[in-house]
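*Asks:* The numbers in full-length UniProt numbering rise by one with no breaks, and the one at position 15 of the sequence shown is 15. Got a structure for you, written out below as structure tokens; questions coming shortly.
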Amino acid sequence: MALLGVSEVMFLPPAWPLLSTFRRCNAFIVVGLPWLFLYASAASDPGYITRSNHSQQMSLYPYNFVIFYPGQSCRTCLLLKPARSKHCSICKRCISKHDHHCIFINNCVGYGNYQFFLSLLASTAFLSTYATYVGLSILSGLIRIEIPSWSLGGKDYSWSQYFNTLAWALNQQMRIGAVTLLCLLTSPLIIGLLSYHLYLVWAGMTTNESMKWSDLQADISDGYAFIRSLPKDRQKDDRYEPLWTQWPKESEYILTRSHDGLPRHNIIGTGEWEPVWKIDNIDNLYDLGLAQNLKDIFRPTNSFKNLEHTG
């Protein structure tokens, strides 16, 4: 974000007199939003799990018996791990719906601030793309003063003529040109990161969970994953898992992994163990569809209180 601040200081003073009134008004919003969401992401509670809020955190999500199982405790915090949580070795805290620890915000990204982090990525991606467009527009305007037939598309120009002309404009406005080139090169990276997180939202996963699913895929490929049904009238032990969660779905089966290629027999479940050959055959309990996944992110508290609880 230091790079963002330096770029804005370099770009805005020489560009300001060349901007239209509309673009000047837009600049306050486009430049300000990333800083607003940066502060919100860095300063907010990402979802710290403490003894005082542990029962509430346990009630957010059910265990899916695929990558999250009841009865597992954090050896550092000495608390039962809620579903989708993870202990961060940097923050030294357990984080609800842990996604990852982000060095750019010096904070974890989790249940409490993922909406701000996603908004930070979106606003920064828009800023870098918009700055590229505005910068190229300014440089093209300078060129058209000397060459009225110039267009950014480069029609009727050879490659050498095109880049030599742009180089002349960059030399005329070096600060604007340098920041424009920087934004042009970094925009794909930011958009790529945003696209990855939008994919995770669509898939109902976090970064941490995507790695767990990748590990599971490897075990499935090796023939080490087995599945069978959970009893519909299963009695939950509230010492290890919540009796009820706000999530509208419950797992209907349990998956186990055995590195000797044989299923275990001392685990809950009914029916015979069946080998899993494709990860597509396993339902992601935490994927409710894009709209509900977004609702869980942007309205995380009691998001599904009006939905029928099934299980």
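Heads up, the beta-carbon is just placed ideally off N, CA and C, and yes, glycines get one too. Predicted, not measured: the structure shown is a model, and the values here were computed from it.
(1) Quick check on CYS88: does DSSP put it in helix, strand or coil?
(2) Roughly how many angstroms separate the alpha carbons of SER96 and SER149, rounded to a whole number?
(3) Using DSSP with H/G/I as helix, E/B as strand and the rest coil, what is SER229?
(4) Can you name the start and end residues of the alpha helix (DSSP H) that PRO13 belongs to?
(5) Nearest to GLN173 by alpha carbon, out of LYS278, LEU18, ASP233, SER187?
(6) Taking DSSP's pairing of strands, which residues face ARG93 in a bridge?
(7) Where does THR245 fall in DSSP's three states?
(8) Report the option in ASP283, ILE282, LEU262, ASN281 whose CA atom is closest to the CA atom of TRP273.
(9) Using the DSSP secondary-structure output, state which residues sit across from SER73 in a beta bridge.
(10) Are any of the Cβ atoms in chain D nearer than 8 Å to that of PRO248?
(11) Straight-line CA distance for HIS259 to GLY204?
(12) Compute the distance between the beta-carbons of LYS81 and SER73, then report whether it is under 8 Å.
*Replies:* Looking at the atomic coordinates:
(1) strand
(2) 58 Å
(3) strand
(4) 2-15
(5) LEU18
(6) CYS88
(7) coil
(8) LEU262
(9) LEU80
(10) The structure shown has no chain D; it contains just one protein chain.
(11) 28 Å
(12) yes
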